[in-house]
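Colleague: Under the numbering used here, the letters of the sequence shown match residues -6 to 121, in that order.
Every residue, glycine too, gets a C-beta built ideally from N, C-alpha and C.
Since this is a predicted model, take the numbers as computed values, not measurements.
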Amino acid sequence: LLNLIKPLSQPLHEVTKLAEPLQLDKFLFDRVEQLSGGQAQRVAIGRALYQQKSIFLGDEPVSAVDDYQAQQLLALIVEKHQTLVLALHDVEQALHFCDRIIGLKDSAIVLDAPCSALKADALAELYA
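Here's what the structure looks like:
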């Protein structure tokens, strides 16, 4: 995560502040290859958050963390970005954190609906 601010001309405070909700504040000086899969995934999310872009693109952005951390990370991502384009294989996460679901099967759109119109069991076929 510290590689984002090399040379250290930008305040270390910004990265430290960002690392806390990602539970990475104890690992700021560790090399990424020394981190667990979940920690490395949180570093990748931290990099995206640090850039402060309005759009977040994520392919299974929370697949390497437990359910509790996944909920916390997705809430943080939603809070910091105006638009999210996510590939999620967890139906409950998709319904909870997304406004709209577009389902693909065999390279074709088979579903495009607001989450408020969908239920988990209706999506089970898409995820099969």
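Which residues in the same chain as G51 place their Cβ atom closer than 6 Å to its Cβ, once the five residues preceding and following it in sequence are excluded?
Modeller: L79.
Colleague: Out of K19, S47 and I48, point me to the one whose CA is closest to R35's CA.
Modeller: Checking every option, the nearest Cα to that of R35 belongs to K19.
Colleague: Leaving aside the five residues before and after L15 along the sequence, list all residues of the same chain whose C-beta is less than 7 Å from its C-beta, in chain order.
Modeller: R35, I38 and G39, listed in sequence order.
Colleague: Take the Cβ of A87 as the centre, count every other Cβ of all protein chains shown within 10 Å, and call the residue buried at 16 or more, exposed below.
Modeller: Under this definition A87 is a buried residue.
Colleague: Taking 7 Å as the limit between beta carbons, can you name the residues of its chain near P107, skipping five residues before and five after?
Modeller: Cβ within range, chain order: D92 and R93.
Colleague: For L21, does the count of other Cβ atoms within 10 angstroms reach 16, so buried, or fall short, so exposed?
Modeller: It is exposed - the Cβ of L21 has fewer than 16 other Cβ atoms within 10 Å.
Colleague: From what residue to what residue does the alpha helix (DSSP H) around R40 run?
Modeller: Taken as a continuous stretch (DSSP letters only), the alpha helix (DSSP H) holding R40 covers G30 to Q44.
Colleague: Among A110, D105, K98 and S109, which one has its Cα closest to the Cα of L119?
Modeller: Closest option to L119, Cα to Cα, is K98.
Colleague: How many Å lie between E13 and F49 at the Cα?
Modeller: Computed Cα separation, rounded: 20 Å.
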